[in-house]
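Asks: Let me begin by handing over the structure; questions about it come next.
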Amino acid sequence: MFSLDASSKSHKRRVGLLSIAILSMFITFVFINPEGSTSSLEAAKNWISINFSWFYMSAVVVFVLILAYSALSRAGNLRLGKEHDRPEFSHFAWGAMLFCTGMGIGLVFFGVAEPVMHYTSPPVGGGETDAAVRNAMEITFFHWGISAWAIYAIVALVISYAAYRKGLPIEMRSALYPIFKERIYGPVGDMIDTFAVLATIVGIVTPLGFGVMQINSGLSYLFNIPDSTIVQIALVLGISGVTCTSLLLGLKKGIKRLSLINMAVAIGLMVFVFLFGKSAYILNATVENIGDYASSLVPLSFETYSFTNPEWFRGWTLFYWAWWIAFAAPTGIFIARISKGRTIREFVFGVLVIPVGFSFAWLSVFGNTALDLIHNSGLESLQAAVMADSSTALFQFFDIFSEWKILSYIALFCIFVFFITTADSGTMVVNILTSPKEDQAPGHERVFWVLVEAGITSLLLLIGGMAAIQSTLIILGFPFAWMIAVMCAGFVKSISEELKDPRIGRTKESDLSTSSLRESIQ
């Protein structure tokens, strides 16, 4: 067991200063030459996409296999903490935070748009056919399913294991201790954590920038508010203000409460569409969707469309995989922060089943309903609207589905809160990596990083540099994928050594039942 007290956490200040320096150089580069920087970063992103597609796909398959071994073997009984530790949050609160800070905002954006886009322009075969309807949902499920969440889960598991079983800090460097040993406390560790901070900042700025564009589109669509950069910057400042408030309130009063509120709102929207739509059709289609996904999971996990449509693959599946990997740094650390006390088996099944289950429910209700309106009811206006501007897809959907304008207003609120929880959890991760007091960092430090994120986003919106930051996120995903691979090797090595003791990992059934009872009443 190893520990690192606050007095020896000077490396966190070094990580913070180094991160600020690199961010300053990057922003200067983009500000001085926005077109040239965007072109250069786009070229680097394309080079990685063309030459290393095989690595991304293979790596995700390996992550899934390691998680399966961790959950189904004797290792699954190991508790992420001491044997008497129990989870800090109930299953519902834990699941709500997982979903809201992971992919919640993406699902709201793509829940209607992605199935329609695949239906219109599938990777193989003709669009707008019966087969295209089915394939569209199959591909969408794959992009938002187990493989995607396995990327977050593996990073979170490795960090949780290092932090709660080995007494190491909740930092990216801790996951590499089995490989680098004490060198993680030197320049090697500083670079690893700095990389995590950069990935986190870029991972917040990218969806925040594109997200305020979507919110602005919604406001323009609903209230005729101008679709302009000034409005978008005002939205950035508004989101940042609420984010600061949530951060100052802390994890339980801030992120947890916002996540629970937003999950309730999202579930309400989903239930409304289900009940007032074609409920039987949705249920029947969902059964087929799940069956198609289960039968195609292995083939799609190795499908790069090299012989058919590599451009489509690089624009969709590879883009998603690289995005999830790049954003796994903040999401993994945040999930680790809220997961102490759970067994590895409970952790793996929880991270994969809870958010994936909700994702499939959301996609089934909204995706199948949208496709039914277009393919079976002939409402081609929805299809045209999605293809013209995917950012207004959800609002267009509600306009066609129901005369109740309040649904679009609720959806707009939902999007707004999802962005807050994403920025909130990401900023907390930055505090963990740069402050000696970690997620209990002083208020001015929490506010500082929110202002950094808001400032970078606003500047990029002003100079038209959002494409550059998007390419940067994909580029960061490449070295981080290799880093995760090394982390996995260290994790397997460490857990194999621990399991050599036959007494390790045997949890009494009475302990498990007591834990389940206690958590169920929280």
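Residue 414 in our numbering sits at position 422 of the sequence shown, with consecutive numbering throughout. Don't be surprised by glycine CBs; every beta carbon is placed ideally from N, CA and C.
Starting from residue 432 and walking both ways along the alpha helix (DSSP H), at which residues does that stretch end?
Replies: From DSSP, residue 432 is part of no alpha helix (DSSP H); its letter is neither H nor E.
Asks: Closest to residue 218 by C-alpha separation, out of 205, 229 and 228, would be which residue?
Replies: That would be 205, whose Cα lies nearest to the Cα of residue 218.
Asks: Pick out whichever of 40, 375 and 3 has its Cα sitting closest to the Cα of residue 175.
Replies: When each option's Cα is compared against that of residue 175, the closest is 3.
Asks: I think residue 409 touches residue 253, with their Cβ atoms under 8 angstroms apart; what is that distance to the nearest whole Å?
Replies: Residue 409 to residue 253, Cβ: 7 angstroms. Contact.
Asks: Would you check if the distance between the CB atom of residue 239 and the CB atom of residue 416 is smaller than 8 angstroms?
Replies: In contact: residue 239 and residue 416 (Cβ atoms closer than 8 angstroms).
Asks: Quick check on this structure: which residue in 64, 178, 301 and 52 has the alpha carbon closest to the alpha carbon of residue 140?
Replies: Checked all of 64, 178, 301 and 52; the closest Cα to residue 140 is 52.
Asks: Who does residue 337 pair with in a DSSP beta bridge?
Replies: DSSP lists no partner for residue 337.
Asks: Looking at C-alpha atoms only, which residue of 30, 149, 160 and 424 is the closest neighbour of residue 344?
Replies: Minimum Cα distance to residue 344 is reached at 149.
Asks: For residue 462, count the other beta carbons within 10 Å of its own beta carbon; 16 or more makes it buried, fewer makes it exposed. Which is it?
Replies: Buried is the call here.
Asks: Can you name the residues that DSSP bridges to residue 71?
Replies: BP columns for residue 71 point to 335.
Asks: Throw me the rounded Cβ distance for the residue 556 and residue 231 pair, which I believe falls under 8 angstroms.
Replies: Absent from the structure is residue 556, since the part of the chain shown begins at -7 and ends at 514.
Asks: Of all the alpha helix (DSSP H) runs that stay within the bounds of the region 103 to 142, which reach a length of 4 or more residues?
Replies: Entirely contained in the region 103 to 142, the alpha helix (DSSP H) runs reaching 4 residues are, in chain order, 122 to 135.
Asks: Which ranges would you report for the alpha helix (DSSP H) in the region 299 to 358 if only whole runs of at least 4 residues count?
Replies: Complete alpha helix (DSSP H) runs here, min 4: 302 to 307 and 309 to 329.
Asks: Which word fits residue 5, buried or exposed, when buried means at least 16 other C-beta atoms lie within 10 angstroms of its C-beta?
Replies: It counts as exposed.
Asks: Look up residue 157 in the DSSP assignment and say whether it is helix, strand or coil.
Replies: Reduced to three states, the DSSP call for residue 157 is coil.
Asks: Could you name the residues of the same chain whose beta carbon sits closer than 6 angstroms to that of residue 499, not counting the 5 residues immediately before and after it, in chain order?
Replies: Note that residue 499 scores a pLDDT of 45, beneath 50, so its modelled location is shaky; the value from the coordinates is reported in the next line. Result list for residue 499: 69, in chain order.
Asks: For residue 78, which three-state DSSP category applies?
Replies: Three-state DSSP puts residue 78 in coil, outside helix and strand.
Asks: Run through DSSP, which three-state label would residue 295 get?
Replies: Coil.
Asks: So residue 4 is in the alpha helix (DSSP H); what residue range does that whole segment cover?
Replies: Run containing residue 4: 2 to 24, per the alpha helix (DSSP H) assignment.
Asks: Could you have a look at residue 276 and say whether DSSP puts it in helix, strand or coil?
Replies: Looking at residue 276 - three-state DSSP - the assignment turns out to be helix.
Asks: Measuring CA to CA, which of 300, 430, 429 and 307 is closest to residue 117?
Replies: Of 300, 430, 429 and 307, the residue nearest in Cα terms is 300.
Asks: Please report the distance separating the alpha-carbon of residue 183 from that of residue 489.
Replies: Those two C-alpha atoms are separated by around 28 angstroms.
Asks: Enumerate in chain order the residues of its own chain whose CB-to-CB distance from residue 310 is below 7 angstroms, with the five nearest sequence positions on each side excluded.
Replies: Excluding sequence neighbours, residue 310 sits near 41, 45 and 48.
Asks: From 368, 136 and 381, pick the residue whose C-alpha is nearest to that of residue 516; which is it?
Replies: With the chain represented from -7 up to 514, any question about residue 516 goes unanswered, as that position is not in the structure.
Asks: Taking the alpha helix (DSSP H) that residue 170 belongs to, which residues open and close that run?
Replies: Its alpha helix (DSSP H) spans residues 169 to 172.
Asks: Work out the CA separation of residue 390 and residue 397 for me, nearest whole Å.
Replies: Roughly 8 angstroms separates the two Cα atoms.
Asks: Please go through the region 217 to 293 and give each complete alpha helix (DSSP H) segment of 4 or more residues, from N-terminal end onward.
Replies: DSSP runs (the alpha helix (DSSP H)) wholly in the region 217 to 293: 221 to 241, 248 to 268 and 271 to 293.
Asks: Find the nearest neighbour of residue 198 within the set 381, 32, 157 and 450, judged by alpha-carbon distance.
Replies: Ranking the options by Cα distance to residue 198, first place goes to 450.
Asks: Using CA coordinates, which residue listed in 201, 436, 124 and 296 is at the minimum distance from residue 237?
Replies: Checked all of 201, 436, 124 and 296; the closest Cα to residue 237 is 436.
Asks: Looking at residue 424 and residue 90, is the spacing between their C-beta atoms short of 8 angstroms?
Replies: No, these two residues do not count as a Cβ contact at 8 angstroms.
Asks: Let me know the secondary structure DSSP gives residue 407 once reduced to three states.
Replies: Note: residue 407 maps to helix in three-state DSSP.
Asks: Going along the chain, which residues of its own chain have a beta-carbon closer than 6 angstroms to the beta-carbon of residue 127, five neighbours each way excluded?
Replies: 114.
Asks: Out of 165, 418, 75 and 77, point me to the one whose CA is closest to residue 517's CA.
Replies: The structure shown does not extend to residue 517, since the chain is modelled only from -7 through 514, so no value can be given for it.
Asks: Tell me whether the beta-carbon of residue 377 lies closer than 8 angstroms to the beta-carbon of residue 384.
Replies: Cβ distance < 8 angstroms, so residue 377 and residue 384 count as in contact.
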